[in-house]
Structure formats: structure tokens, C-alpha cells
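Residue numbering for the sequence shown follows our numbering, starting at 548 and increasing by one per position.
Working notes for the structure below.
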Amino acid sequence: MILKDEKIASTQMLFLLVTVVSATAFLFVPAITSETAGRDGWISVFFLATGFGVTVSLVCARLGLYFPDQTIIEYAPQLVGPVLGKTIGLLYFIFFLHVNAIIVREFGDFLVTAFLPETPLLVFNIVVVMLAASAVRNGFEVVVRMNQFVFPLFIGVLLIIITLNIGEMNPGNLLPVLERGIKPVILGSLTPSAWRGEVAVILMLLPYLNKSEEARNTLIIAVLLIAIILGALIMASTMVFGSLQDSHFMFPTLELAKYISLGEFLERVEAVIVIVWVAGITIKVAVFYLAAVLACAQFFKVENERPLVYPMGIITLVFSVSMFGNSRELVDFISKVFPIYAFVFELFIPAFLLLVATIRMRGGRRNA
């Protein structure tokens, strides 16, 4: 495997995971969460989704300690046998490919819906897939270095959006807390939990980490940073617009950016958001693209994965434009279907493999 020979530091992995999860979450999650949890959406994001993300992190990091130089595609057959293990590997390949197609569709739908409704969706999808394909072919280190430039801009833009809207915020919009009880908060946490669980892509990236023992702290810190970012955005949009209006916006973060106006000096900040967001989602597409290519190469035992990059891009493009008829279908899927679907791959299968690995390791020590 050519791509697996590269190594990165835990700090680089941390920044990468924050970008990967946040790139689409900060646009889609606030509206979806507010629609279900209302003014308590920040509780869903800060606490319940964070708890899920930390659990995923602990499970994936522990598996990484058992198999520091292997991906889940490689060690699953060792744990549960060739038939079930290969089946799990195939399912993960399909999962990463499918999720990447969804990400590409989110990218295209955002630009078409918010800015360029006359432009065909396929145009934007082709652009982002081509950019990501170029990055993947040049190696994981290229993706990581791109992110080192994008990450501070990404965080900086979000801080600017929140800071410049402080004067418009009404903390009373967050009260009363738990007005409708705990059930809407729990239901509202499902989508942000599925997004937070995307850190499970580490199951394919752990061999890149130069110190596998640092994976747990890296993942947990990433999950906490994402919680702060998304929680702050949901609180800000709720305090500015109120939970009812917030849920009616498709992209509340974009509306916050449009709301910024300092006389004639600073307006149209949303244009800056789009530039930074395009860079961030290109990173995210590249990471899931890489995961799908690696999974395919390892499943079919292909030594050089680079010839797989462009065919994988074509499949991703086809899926991205054919899976959903319109933006409403996309949002319905990621709010109602995707959480349950994602939980299986983000937590349930890794937890099952960890249980098997733990039993085998303990049994091996007893036999010794």
C-alpha cells in the first residue's frame, strides 16, 4: 500500500478530524437540531452528541491499540473469520463510498440552493470530486498540509460570525430550558451524534498516525472542539433568530453571516464563508475518498491503489446526483435515516469487534 507509508502527527490528525466533521455539520446540523429540539438544541449538541462522539472515540482508539498498523478492513477477518470479516470489510467500503457521495451532494445542493440556482448541480459536484481526486492521488500528506492552511481560516470565520452578531443576540431566546421536556432533546441529538461519529473514519486512518497511543486523546479533544463549535453556532443562531425562525432556515449559519453589517464597511460576509467552506468540504471529501479507495484496495488486495482513484470518483459522482431527487429528500435522509444507518458503522460494528478482540486477548494471556 503506497498511501499507508505516510505518517502524520497527532496534532495534524486532530485538526483534520475537526475540519472533516465540522465542514458540513455547521451548515446542516443547526436547522435539523432546532426543528426537533427547539431552543434546547444546544443541549443536544453540547452534551448528548458529545457523549456519543466520546464513546465512538474510545472504541476506535482501543481497536487502534490492538491493531496499530492496520485498518478495520485488514483486522476484521483476523477477529471474526474470513467470511464475516470480509463481509464487514465490504460493508465499510460501501459505507465510505456512500457517505462521500452524500457529502458531495451536500456541497452541490448548498451552492445551488443558496447562491447559483441556475447552475446544474453536476457542475459543482464534478469540481469538488476532481479537486479531492487530485489530492488523494498525491497522498494523504498533501490532504493534511492543505488542512493546515484551511483549518485556522475555517475556525477564524466561524469566530467572526459569532462575534459580530453578539449585539443582535437575545439570551432570553434560550429560555425556558427543557420547556418541552427531555424527549425532544434526545431526538434532536440523533443527527448531531451521527455527524460527531464521523470521527470513526479514524478506523481507516490510524495507520497514518505516528504514535497510535495518542489516538484516544486526539479523538476526544477533536470531539470536544467540534461540540464547542457547533454548540456555539446553534446558541448564536437561536439567540439571534429564535428557535422557530432558526428551524425554518435551511442554513442558519449562512443567515448569521448575512446578518452581519457594520455600516457600509463590512457586508456580504457570506461570500467569505463560501470560499472557506468550499476549501473545508474539499478536505472532507478527500478524506472519505481516501477511506473508500483504501477500503477497496485492501478488500480486493490491490497493491497500488492509485489507479482506483478516478473510477471511484466517477462512481461517487453518479451516486451524488442520483440518490436524491431534490434538497428536501437529502435533508429528510440525513435527519431521519442517516443517524440509524451511521450508528451501525460508527459504533455498533467497532464495539462488536472490540469485544471480540478483548475476549481473544484475555484468552491468549490466560493460555500463555
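Every residue, glycine too, gets a C-beta built ideally from N, C-alpha and C.
Everything numeric in this text was worked out from a predicted model, so none of it was measured.
Here Val819 has Val704 as same chain residues with Cβ atoms under 7 Å from its own Cβ, once five neighbours each way along the sequence are excluded. Only buried fits Gln845, as 16 or more other CB atoms lie within 10 angstroms of its CB. In the structure shown, Ile702 adopts helical secondary structure according to DSSP, grouped into three states. Annotation: the region 766 to 808 contains the following complete segments of the alpha helix (DSSP H) (minimum length 4 residues), in chain order: 790 to 795 and 799 to 806. Here Thr710 is exposed. Its C-beta has fewer than 16 other C-beta atoms within 10 Å.
Taking the Cβ atoms as the reference, Pro699 lies roughly 33 Å from Gly585, outside the contact range of under 8 Å. Counting the other CB atoms within 10 Å of its CB gives Lys848 a total below 16, which places it among the exposed residues. Going by beta carbons, Lys805 and Ile650 fall outside the 7 Å limit. Taking C-beta atoms under 8 Å as the contact rule, Ile781 and Gly588 qualify, at a distance of about 5 Å. Pairing Arg875 with Arg684 gives a Cβ-Cβ distance that is not under 7 Å. Cβ neighbours of Tyr639 within its own chain (closer than 7 Å, five residues either side excluded): Ile619, Ile620, Ala842 and Phe892. Beta-bridge analysis with DSSP links Leu756 to Ile555. In the three-state reduction of the DSSP assignment, Lys848 falls in the coil class, being assigned neither a helical nor a strand state. The criterion of a C-beta distance shorter than 7 Å is not satisfied by Trp824 and Ala572. In the three-state scheme derived from DSSP, where H, G and I count as helix and E and B as strand, Asp616 is classed as coil. In its own chain, leaving out the 5 sequence neighbours on each side, no residue places its CB closer than 6 Å to the CB of Ile641.
For the pair Val565 and Ala769, the CB atoms are nearer than the 7 Å cut-off.
Looking only at Gly686, Glu665 and Thr580, the smallest Cα-Cα distance to Lys554 is reached by Gly686.
Judged by DSSP in its simplified three-state form, Val724 adopts coil rather than helix or strand.
The closest CA to that of Glu817, considering only Ile828, Thr800 and Gly827, is found on Thr800. Between the region 754 to 768 and the region 885 to 901, the count of Cβ pairs shorter than 8 Å is below three; the stretches do not touch. Inclusion of Ala839 and Met859 in the CB contact set at 7 Å is warranted, their separation being smaller than that value. Distance check between Ser784 and each of Leu574, Leu610, Ile906 and Met677 places Leu574 closest, using alpha-carbon atoms only.
Exclusion of the five residues before and after Met716 leaves Ala783, Met786 and Val787 as the residues of its chain whose Cβ lies within less than 8 Å of its Cβ. Less than 7 Å divides the Cβ of Leu750 from the Cβ of Cys607.
Contact annotation: Val603 and Ala762 have beta-carbon atoms that are not nearer than 7 Å.
Non-local beta-carbon contacts of Ile579 in its own chain, meaning distances under 6 Å to residues more than five positions away in sequence, involve Thr738 and Ser882 in chain order. For Val868, the uninterrupted alpha helix (DSSP H) segment begins and ends at Val856 to Ser869. Membership of Asn647 in the alpha helix (DSSP H) is indicated by the continuous run Pro629 to Ala661. Across the set Phe614, Leu752 and Ile590, the C-alpha of Ile590 shows the shortest separation from the C-alpha of Pro723. Pro664 carries a coil assignment under DSSP once its states are collapsed to helix, strand and coil.
For Ile887, the enclosing alpha helix (DSSP H) stretches over residues Phe885 to Phe890.
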